[in-house]
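Peer 1:
In our numbering, the protein residues as written are 95 to 234.
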């Protein structure tokens, strides 16, 4: 369930966030149990990642998206201007409410999405844990 190399970190996190740790343990236990009992079928996902936008305000050399060898360097400009619509994100949240996954927001830079605050509010209103993968330059 938890790889040995991550065990110490998991124990520390459990001590500081016991409710989250308990919920996480139950979810992982159900996932493992369903995999072994139901012919390899998996349990509901623990985390859903939403790629909000391709835009980024930095060009870090080591970045796998916009860096020297980044995947986005070859993308068409029309594709790079696309972003997830607020209505689509709300529909996803409504569809997955019954199993309460963690939601991770990322992209290029998720805080460049014009509706990112409303998205976080919507995720939190649904009772989900919300993670944001950001370069932190837009935090105040």
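Note that beta-carbon positions come from the ideal geometry of N, C-alpha and C, so glycine has one too. Computed from a prediction, not measured in an experiment: that's the story for all the values here.
1. Can you name the residues that DSSP bridges to residue 224?
2. State the DSSP-derived secondary structure class of residue 145, mapped to helix, strand or coil.
3. Do residue 176 and residue 147 have their CB atoms nearer than 9 Å?
4. Which of the three DSSP states is assigned to residue 153 in this structure?
5. Starting from residue 130 and walking both ways along the alpha helix (DSSP H), at which residues does that stretch end?
6. Hey, how far is the Cα of residue 212 from the Cα of residue 182?
7. Quick test of your reading: residue 224 and residue 199, contact by CB under 8 Å. State the CB separation rounded to the nearest angstrom.
8. Need the endpoints of the alpha helix (DSSP H) that residue 219 sits in, please.
Peer 2: Result, derived from the coordinates:
1. 197
2. strand
3. yes
4. coil
5. 112–131
6. If you take the alpha carbons of residue 212 and residue 182, they lie about 13 Å apart.
7. At roughly 7 Å, the Cβ-Cβ gap stays under 8 Å, so residue 224 and residue 199 are in contact.
8. 210–219
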